[in-house]
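Protein chains: 2
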Amino acid sequence: MLAEIIAVGSEMLTPHRQDTNSLFLTAGLNDLGVEVGFKTIVGDNSHHLVEAIHNALRRADILILSGGLGPTEDDLTRECVAESLQLDLISDADTVLALQARFRARKMEMPPNNLKQAQRLEGAELLPNTNGSAPGQWLQTVIRTADGRTHPRLLILLPGPPKELKALFAEEVRSRLEDLLPQRFLARRVLRMALIPESTVDARTAPIYSRFKDIETTILAGHGEIQLHFLCAKDTQEEAEDRVNHLAELIESEMGDDIFSSDGESLEEIVLLMLGLRGLNLAVAESCTGGMLAERLTAIPNASRNFLGGAIVYSNELKSSLCKVPSKLLNQHGAVSPEVARALAEGIRDRTKSSLGLSITGIAGPTLLDGPDADKPIGLVYIGLADEEDTQVKRFMIPGDRDRVRLWATMHALEMLRLSLQ
Amino acid sequence: MLAEIIAVGSEMLTPHRQDTNSLFLTAGLNDLGVEVGFKTIVGDNSHHLVEAIHNALRRADILILSGGLGPTEDDLTRECVAESLQLDLISDADTVLALQARFRARKMEMPPNNLKQAQRLEGAELLPNTNGSAPGQWLQTVIRTADGRTHPRLLILLPGPPKELKALFAEEVRSRLEDLLPQRFLARRVLRMALIPESTVDARTAPIYSRFKDIETTILAGHGEIQLHFLCAKDTQEEAEDRVNHLAELIESEMGDDIFSSDGESLEEIVLLMLGLRGLNLAVAESCTGGMLAERLTAIPNASRNFLGGAIVYSNELKSSLCKVPSKLLNQHGAVSPEVARALAEGIRDRTKSSLGLSITGIAGPTLLDGPDADKPIGLVYIGLADEEDTQVKRFMIPGDRDRVRLWATMHALEMLRLSLQ
């Protein structure tokens, strides 16, 4: 089964807006065994849209159109599908009543334009939209190609706003597609690794995963992370799961501790989980990352169980007043030094009575305040980790711009903490 | 002038990868007065690609193809353009030598496949790629449509990796397009507003900007912000700038203080700039936002001039130990209360000797630790701002999930600070 997606809307032909619905739709279709063969982005132009629909229907079994179902003159999807397939548009009485009720509930007069949204394609089923005024449409039809042969085709019209489209797909479209398509049982696994080059991961894992022809493996890299995604479809759920679990085990035994998560969890989640299992809590002292490490940890619900908080010690004065770093140490070694990283980790641990203190100090650039110089170039970062027994300090050189240095510094800090909790 | 963009590559038909090159290309083309009328994403499938090229050449003056210029069998762009236009591919001797030199410099043997990358379309000019092995191609040609008429067409082939594509566009394509197209002088302005509904901004500004037919106005909304983008093309730079400045003045006088930035700066930049102008410095105390406010401020280079740092007081103990909040106050009113917001702002100011103390305490959800209850629902946030004279505290109810509550809380805090510095 092959699908195509047409995203309708002139805003997606500007530099400011992008079609993201198709990523969501592609994931949903792939789950049902349907591949996407072509994507088109068309403006609010009936000539272009009719042509795109024609071309898609020649090639694909399923055509999903997103957008162009609003009440304005620019919303042309219904009309263009009708023209392409030479179908009538029929005003749907129930939808008219529902639209009127929707406006009444908001104490607004319904503009006559909105009646457009009640127009159903001849033969189509309307899909109720609980998040907006435009219903979707589901149309199974038959087309005839130039060679005289006929082909069954499914057209699905969905509203453009992602929230409406996603809800409609989940509530109305998915189950109808399941009824139409042969049943498949899917299993997935996601293994995640931090701070390793993609080429290294690929060199070590490709000899393994490439032997599993029945598993689709995708490597995604970005933000200091590598993810290996496995997807397998079988006749039973158990068979599919056994298969991905078997591959995951082989990869885990190859990559060992480099894998921080074997079921998709983020590095922050894993670290908080490990702190919880060990009954420990954490406080941080951040200089160049300015709160990013704490922000990442507190983005996880219930982080407060094992994360106390900490100090953002951007100025030297705060390094002393909040983390008890002696000003002599700062003067002697500078703020970006192993000595200060150690003092920050120990200081925040002491000040907050936490089991662990984690500190970051470094030069994110591009500022010339407080460095960099030949000894202390942009990208130099020291990370300290103090527990009740001792304090370890590591030095990192992180290439890239300010954003990258800051992000990677937090990755290194989380990874250092994870490995110490292993 | 109308352009189309075809992005070539099967990975962009998965849920994991998206064509982002077209946003960059669209911005570059728009600057030169060229609109994009259609975008297509095609997999590594020669049948589909030839068809997409045919369709595009019927409709558009300029066709840009990105991707499919690599050395593998899946890289089909050169071959498919040749087939569509019935042109020969000619091995370019200089490019063969350059490819061989590139591999020699890396002490690698060149695989025979790479010779594909030296194939030039008959009549095309090769565009040297300083960041990769595939040169781009520039081909001015003429096509004949079904009605027998001929049309001039420009095809531009660019490599898919964004870094290579962007450099090639900047270094080779832009100047050639400028020579080909009538000269235009462009002026832009970006006005930014925080925490106002898009519909309110549009209702108040549309009567003004819609009178300026020669200015393209785009409204972008997201992350608690509204941006108004103005773009004007005229025969002289001065004329274009006078025009956008005139519109910007009218909008500024309508929206007044709601506009935080009239030349594109972020809210963080503006706040830091205002602190600098007033000779003030800032420290923060964050509970539910867990470092996000500090992270946003320190993302700006040289933030350290006016930002000292602060405390992340996720636990009640740290509210007391780092910000001197009396535990009696915490017991009596709870951590999420106007009293504690006030004590945090005053406490961090006092502890750090900063001119201003800014605090956030709230319920981000979805956790049930420490609330929420009927009195203190998810989304309830108090923000405190202390200066040497007094402390103001404001209450906000922010709808949405954890991420949204946290982000909007930092927006409210920055906006409260900005208005107090006005």
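Protein chains in written order, with the numbering used here: chain A, 1 to 422; chain B, 1001 to 1422.
The beta-carbon is built from N, C-alpha and C at its ideal position, and this holds for glycine as well.
Computed from a predicted structure; not experimentally measured.
GLY1148 (chain B) classed as buried or exposed, judged by whether at least 16 other C-beta atoms fall within 10 angstroms: Exposed: under 16 other Cβ atoms inside 10 Å.
Simplified DSSP state of THR1130 (chain B), which is helix, strand or coil: In the structure shown, THR1130 (chain B) sits in coil (DSSP, three-state: anything other than H, G, I, E or B).
Completely contained beta strand (DSSP E) runs for the stretch 1151 to 1215 of chain B, where each covers 3 or more residues: As summarised for the stretch 1151 to 1215 of chain B, the continuous beta strand (DSSP E) elements at least 3 residues long and confined to that stretch are 1185 to 1194, given in chain order.
CB-CB length for ILE1219 (chain B) against ILE1208 (chain B), believed under 8 Å: Contact doesn't hold; Cβ gap of about 13 Å is too wide.
Spatial neighbours of ARG342 (chain A) in its chain, beta-carbon cut-off 6 Å, leaving aside the 5 residues before and after: Beyond the five residues adjoining it in sequence on each side, ARG342 (chain A) comes within less than 6 Å, by CB distance, of GLY384, THR391, VAL393 in the same chain, given in chain order.
CB contact check: ALA1343 (chain B) to chain A, cutoff 8 Å: Closer than 8 Å to the CB of ALA1343 (chain B) there is not a single CB belonging to chain A.
Span separating the alpha-carbon of LEU1158 (chain B) from that of GLY1067 (chain B): Each residue's alpha carbon lies about 6 Å from the other.
Pair within 8 Å by beta-carbon distance, PHE1103 (chain B) and ARG1192 (chain B): Not in contact: PHE1103 (chain B) and ARG1192 (chain B) (Cβ atoms no closer than 8 Å).
Boundaries (first-last residue) of the alpha helix (DSSP H) holding GLN1422 (chain B): Under the DSSP assignment, GLN1422 (chain B) falls outside any alpha helix (DSSP H); it carries neither an H nor an E label.
Helix, strand or coil at LYS116 (chain A) according to DSSP, with G and I counted as helix: It is helical.
Residues of the stretch 6 to 28 of chain A whose Cβ lies closer than 7 Å to any Cβ of chain B, in chain order: Flagged, chain order: LEU13, THR14, PRO15, HIS16, GLN18, LEU23, THR26, ALA27.
Within chain B, partners of GLU295 (chain A) - CB distance below 7 Å: Contact annotation for GLU295 (chain A) against chain B: GLY1290, GLY1291, MET1292, GLU1295 [CB-CB distance below 7 Å, chain order].
Contacting positions in the stretch 309 to 340 of chain A - beta carbon closer than 8 Å to chain B: Within the stretch 309 to 340 of chain A, the residues whose Cβ lies closer than 8 Å to some Cβ of chain B are GLY309, GLY310, ALA311, ILE312, VAL313, TYR314, SER315, GLU317, LEU318, SER321, LEU322, listed in chain order.
Contacts that LYS1039 (chain B) makes with chain A (C-beta to C-beta distance below 8 Å): Contact of LYS1039 (chain B) with chain A by beta-carbon distance below 8 Å involves MET12, LEU13, THR40, ILE41.
CB contact check: SER1304 (chain B) to chain A, cutoff 8 Å: Closer than 8 Å to some Cβ of chain A, the Cβ of SER1304 (chain B) qualifies, so yes.
Nearest-angstrom beta carbon gap, PRO1112 (chain B) and GLY1132 (chain B) [assumed within contact, 8 Å]: Rounded, the Cβ-Cβ distance is 19 Å, inconsistent with contact.
Coil, strand or helix - GLN140 (chain A) by DSSP: When DSSP states are grouped into helix, strand and coil, GLN140 (chain A) belongs to the strand group.
For SER1091 (chain B): DSSP bridge partner residues: BP columns for SER1091 (chain B) point to B:GLN1119.
Three or more C-beta pairs below 8 Å linking the stretch 292 to 311 of chain A and the stretch 1276 to 1290 of chain B: Contact between the stretch 292 to 311 of chain A and the stretch 1276 to 1290 of chain B is present, because at least three Cβ pairs lie under 8 Å.
Test: ARG402 (chain A) CB closer than 8 Å to a CB of chain B: Interface residue (Cβ-Cβ distance to chain B less than 8 Å): ARG402 (chain A) is classified as such.
Residue-chain proximity (PRO1366 (chain B), chain A), Cβ-Cβ < 8 Å: It does; some Cβ of chain A falls within 8 Å.
Reference ALA93 (chain A), options A:ALA118, A:ARG58, A:ARG404, A:LEU273, closest by Cα: Selection A:ALA118, A:ARG58, A:ARG404, A:LEU273 evaluated against ALA93 (chain A) yields A:ALA118 as nearest (Cα-Cα).
Chain A residues whose Cβ lies nearer than 9 Å to that of PHE1230 (chain B): Correct list: empty, because the minimum Cβ distance to chain A is about 13 Å.
Segments assigned beta strand (DSSP E), at least 3 residues, entirely inside the stretch 373 to 411 of chain A: Taking only runs of at least 3 residues, the beta strand (DSSP E) segments lying wholly in the stretch 373 to 411 of chain A are 380 to 386, 391 to 397.
Nearest to THR1298 (chain B) (by Cα), restricted to the options A:ILE312, A:ALA299, A:THR298, A:ASP257: Taking only the C-alpha atoms, the option nearest THR1298 (chain B) is A:ILE312.
Whole-Å CB distance - SER22 (chain A) paired with ILE53 (chain A), under 8 Å assumed: Not a contact, Cβ separation roughly 16 Å.
Residue range of the unbroken alpha helix (DSSP H) whose run includes HIS1048 (chain B): Counting along the chain, HIS1048 (chain B) sits inside the alpha helix (DSSP H) bounded by residues 1046 to 1059.
CA nearest to the CA of GLY400 (chain A), picked from A:PRO377, A:GLU388, A:GLY37: Check the Cα spacing between GLY400 (chain A) and each of A:PRO377, A:GLU388, A:GLY37: the tightest is with A:PRO377.
Cα-Cα separation, VAL190 (chain A) to ASP1074 (chain B): Each residue's Cα considered, the two are about 27 Å apart.
Run of the alpha helix (DSSP H) containing VAL271 (chain A), from where it starts to where it stops: Unbroken alpha helix (DSSP H) run through VAL271 (chain A): 267 to 278.
Endpoints, the alpha helix (DSSP H) within which GLU254 (chain A) is located: The continuous alpha helix (DSSP H) containing GLU254 (chain A) extends over residues 237 to 255.
Cutoff 8 Å: VAL1036 (chain B) Cβ touching any chain A Cβ: Taking 8 Å as the CB threshold, VAL1036 (chain B) lines the interface with chain A.
For GLN1227 (chain B), the residue or residues it bridges with in DSSP: Beta-bridge pairing links GLN1227 (chain B) to B:ARG1192, B:LEU1220.
Residues bridged to CYS232 (chain A) [DSSP beta-bridge criterion]: Answer is A:ALA187, A:ILE215.
Cross-strand partners of ILE1064 (chain B) (DSSP beta bridge): ILE1064 (chain B) is bridged to B:ILE1005, B:ILE1156.
Under 7 Å (Cβ pairs) to chain B, residues found in the stretch 43 to 74 of chain A: Listed in sequence order: GLY43, HIS48, ASN55.
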